[in-house]
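Novice: Protein chains in written order, with this note's numbering: chain A, 1 to 518; chain B, 1001 to 1209.
Please see the structure below; I have some questions.
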């Protein structure tokens, strides 16, 4: 593949632009200390570290147990209406964890449905969810589908070929599971678990509502309550070290040993007691999806819809669509040099998904503060900070990884032969991209676009920290109502958000199925 | 027409060619044979422009394509690869016309007929046999009509009978066109069947047999 020199230059420039915000973070780490930072470092930092680790361990473990169990069930057993059950059980991906937190806290409060019912039966036990185990359960419920989908696809990819071979060598089922199945599926499980981990670290809405002092909460607290951006940046610096260490560890666990081999598909075993298993799945679906949605619909009858709901719905849709378009175009451009050689700077620029939204937000705050100070003389004040452009830029930084990952695997499947053939038939770089690469990558692009859209619709920390005054999206409307304890008023935007994400999710699953068939 | 002058090329510090020269005149139909891994495909890639020699020069129609460097799409050369490179999202007709300078139905129908591909025009590559796919790839190169056609093991994946039938068809088709054709193969019988001069590539040296 021959790529013009100007494309190399453009990709290098774009990568540097995407990495620029983190200069503020590094700058803050080397700036002189102040009293607030001294206080945070001496008294609060160990607490943030401890709480973040604890929340991470509990939520990732719970989500992995639920998701991997479902993944095994769906990959290895046949039962009626499996396609619909799969769709039903991944719907929690459309429900943000902060919405789960809001509903659960309300249901179990003294005035909530569960609280009142327990009281009527004379059970005076008050079950509080506003603690570390509680917040971890919320994360696990909202995020287990990542582990479910990746475990299922890894198991389906390997088939039962190796397990059968091991059984034919006289090895018992338990040993087959631990020696063959688990090592083969572990990279898939860990890939799902790492997505859960990074989503947990990214969250702000849930931990803020439950008042759990973790790193992302601390960054917002330092900036919003203490008004000290430098301290927020310094906390971000420690947080990013924590995140990178986690990412490094997860990457090692995700790496398949001995490479990956596609094996022939084998017929699935029928489930022995399908009714019992489906009853359990039905109950689980009620807890994770049915009851929360019914409760939100019930809230709708209790309070009027918040003003600006339809504007927020429209704004969420257009911002998501616009950011998806930018990310896909950017990913296509940035992928071109990577097809020829390793370019660490481009890979670094697309690490955003590993970096929590609060760090990206605070880094951009630092950068725009510096740029606004420089431009004050001739532009007359703050023109970058709190602008829609900065919100969009932050979203691109955070979600570019998803576009790049989808295209990396799409290009890997495609190889270079078609692009080379097109160039040998007289097509230039951009003609090849338009006439050959994009049509062949269509499914990868659509799947990536839908996955990014689902995340963008629910996105909170970046929008909350960087948006201009009056710029409300569905997620900020929900969060504002939650903060004001006007839970019933959060129902409208929450349902709008779930509806939009669910539509994207359904289309994404259809694309995945058609991709698997092809 | 094509002149390779004292070219050197190394891959990851392993020299493939240290000083190789070669010349093709207009309308030549020659073949290079050699064992696997000797650098036959690399030689074609240097002419195509997907690899660049570390020293020496390549001239096409008297002009250097190395100084200044001409990208593959800027060279009057095409490559029929040993892999199936038919675009899977395009039909046989669309694949044939992909590089066509004039995209008219007359041109398409004439070539479909010449290649005996008319009944397959609306099929996708996944619905073709190995021999049919190979014919489409050749047709696509001929319709593009560059000055030089390079063929990299074009009959590798075919059985012996089909190989001979296709070689006959290729020779018939080449009679009606003016292009210079350079084929590389590990199979001496293919080289003999294709006619023209046969060169042997071994140890980075090219010698006429």
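Quick reminder that beta carbons are idealized off the backbone N, C-alpha and C, glycines included.
Note that the structure is predicted; figures quoted are calculated from it, not measured.
Extract the residue ranges of the beta strand (DSSP E) inside the region 297-335 of chain A, only unbroken runs of 3 or more that lie entirely within it.
Specialist: Segments of the beta strand (DSSP E) lying fully in the region 297-335 of chain A: there are none.
Novice: Below 8 Å on the Cβ atoms is my guess for residue 97 (chain A) versus residue 142 (chain A); work out the distance and round it to an integer in Å.
Specialist: Indeed they touch by this definition, with Cβ atoms about 4 Å apart.
Novice: Can you name the residues that DSSP bridges to residue 269 (chain A)?
Specialist: In the DSSP output, where bridge partners are listed per residue, residue 269 (chain A) has A:77.
Novice: Hey, residue 473 (chain A) and residue 312 (chain A): beta-carbon distance below 7 Å or not?
Specialist: Yes.
Novice: Compare the beta carbon distance of residue 511 (chain A) and residue 452 (chain A) with 7 Å and say whether it is the shorter of the two.
Specialist: Contact: no.
Novice: Would you say residue 479 (chain A) and residue 205 (chain A) are within 7 Å of each other, going by their C-beta atoms?
Specialist: Yes, the pair counts as a contact, with Cβ atoms nearer than the cut-off.
Novice: Along the alpha helix (DSSP H) that carries residue 1208 (chain B), what are the first and last residues, could you check?
Specialist: Premise fails: residue 1208 (chain B) lies in the beta strand (DSSP E), 1205-1208, not in any alpha helix (DSSP H).
Novice: Whole angstroms are fine: how far does the CA of residue 192 (chain A) sit from the CA of residue 253 (chain A)?
Specialist: If I take the Cα positions, the gap works out to 11 Å.
Novice: Look at the alpha carbon of residue 481 (chain A) and the alpha carbon of residue 322 (chain A), and state the distance between them as a whole number of angstroms.
Specialist: Those two C-alpha atoms are separated by around 26 Å.
Novice: Look up residue 1029 (chain B) in the DSSP assignment and give the residues it is bridged to.
Specialist: Note: residue 1029 (chain B) sits in a beta bridge opposite B:1181.
Novice: Output yes or no for whether 7 Å exceeds the beta carbon distance between residue 1086 (chain B) and residue 1097 (chain B).
Specialist: No, the pair does not count as a contact, with Cβ atoms beyond the cut-off.
Novice: Could you name the residues that DSSP lists as bridge partners for residue 554 (chain A)?
Specialist: Outside the displayed span of chain A (1 to 518) sits residue 554 (chain A), for which this structure offers no information.
Novice: Assuming residue 488 (chain A) and residue 208 (chain A) are in contact, meaning their beta carbons sit under 8 Å apart, how far apart are those beta carbons, in whole angstroms?
Specialist: In fact, because the Cβ distance is near 20 Å, the residues do not count as touching under 8 Å.
Novice: Do residue 444 (chain A) and residue 406 (chain A) have their C-beta atoms closer together than 7 Å?
Specialist: The answer is yes: Cβ separation under 7 Å.
Novice: Counting along the chain, where does the alpha helix (DSSP H) carrying residue 1011 (chain B) start and finish?
Specialist: Not the alpha helix (DSSP H): residue 1011 (chain B) falls in the beta strand (DSSP E), residues 1002-1011.
Novice: CB-CB under 6 Å to residue 103 (chain A), same chain, minus the five flanking residues each way: which ones, in chain order?
Specialist: 292 and 295.
Novice: Does any residue of chain A have a CB that is nearer than 7 Å to the CB of residue 1078 (chain B)?
Specialist: Closer than 7 Å to some Cβ of chain A, the Cβ of residue 1078 (chain B) qualifies, so yes.
Novice: Using the beta-carbon of each residue, which ones in chain B are nearer than 7 Å to residue 418 (chain A)?
Specialist: Under the 7 Å cutoff, chain B gives 1085 and 1087.
Novice: Comparing C-alpha positions only, which one of A:431, A:501 and A:466 sits nearest to residue 457 (chain A)?
Specialist: That would be A:501, whose Cα lies nearest to the Cα of residue 457 (chain A).
Novice: Along the chain, where does the beta strand (DSSP E) that runs through residue 1113 (chain B) open and close?
Specialist: Unbroken run through residue 1113 (chain B) is the alpha helix (DSSP H), 1105-1114; no beta strand (DSSP E).
Novice: Under the three-state reduction of DSSP, which class applies to residue 1200 (chain B): helix, strand or coil?
Specialist: Here residue 1200 (chain B) sits in strand by DSSP.
Novice: Answer with buried or exposed for residue 1078 (chain B), where buried requires no fewer than 16 other C-beta atoms within 10 angstroms of its C-beta.
Specialist: Per the 10 Å Cβ criterion, buried.
Novice: Measuring straight from C-alpha to C-alpha, what distance separates residue 226 (chain A) and residue 105 (chain A)?
Specialist: Taking the straight line joining both Cα atoms gives about 28 Å.
Novice: Excluding sequence positions up to five away, which residues of its chain have a Cβ less than 6 Å from the Cβ of residue 414 (chain A)?
Specialist: These residues qualify, in order along the chain: 440.
Novice: Check whether the Cβ atoms of residue 1009 (chain B) and residue 1016 (chain B) sit closer than 7 Å, and answer yes or no.
Specialist: Contact: yes.
Novice: Counting only Cβ pairs nearer than 9 Å, list the residues of chain B close to residue 423 (chain A).
Specialist: Ordered by position in chain B, the residues that pass the 9 Å Cβ test against residue 423 (chain A) are 1048, 1049, 1050, 1071, 1072 and 1073.
Novice: Evaluate residue 358 (chain A) with the Cβ neighbour count: other Cβ atoms within 10 Å of its Cβ, from every protein chain shown; 16 or more gives buried, anything less gives exposed.
Specialist: When all chains shown are included, residue 358 (chain A) counts as buried.
Novice: Taking C-beta pairs closer than 7 Å, name the residues in chain B that residue 439 (chain A) reaches, listed in chain order.
Specialist: Here the neighbours are 1089.
Novice: Beta carbon of residue 398 (chain A), beta carbon of residue 346 (chain A): below 7 Å?
Specialist: Not in contact: residue 398 (chain A) and residue 346 (chain A) (Cβ atoms no closer than 7 Å).
Novice: What is the rounded straight-line gap between the Cα of residue 369 (chain A) and the Cα of residue 78 (chain A)?
Specialist: Using only the alpha carbons, I get a separation of about 57 Å.
Novice: Residues of the region 1123-1145 of chain B with a CB closer than 8 Å to any CB of chain A: list them in chain order, please.
Specialist: Those residues of the region 1123-1145 of chain B that come within reach of chain A (Cβ to Cβ, closer than 8 Å) are 1140, 1141 and 1144.
Novice: Can you name the residues of chain B whose CB is closer than 8 Å to the CB of residue 426 (chain A)?
Specialist: Simply 1073, 1078, 1099, 1144 and 1146.
Novice: Please state the DSSP three-state secondary structure of residue 1137 (chain B).
Specialist: If DSSP states are grouped into helix, strand and coil, residue 1137 (chain B) belongs with the helices.
Novice: Quick check for students: name the residue ranges of the beta strand (DSSP E) that lie wholly in the region 102-146 of chain A, counting only runs of 3 or more.
Specialist: You should have found no qualifying run.
Novice: Would you call the region 123-140 of chain A in contact with the region 54-65 of chain A, where contact means no fewer than 3 C-beta pairs closer than 8 Å?
Specialist: Result yes; three or more Cβ-Cβ pairs closer than 8 Å.
Novice: Could you list the residues in the region 436-470 of chain A with a C-beta less than 9 Å from some C-beta on chain B, going in chain order?
Specialist: So the close ones are 436, 439, 440 and 442.
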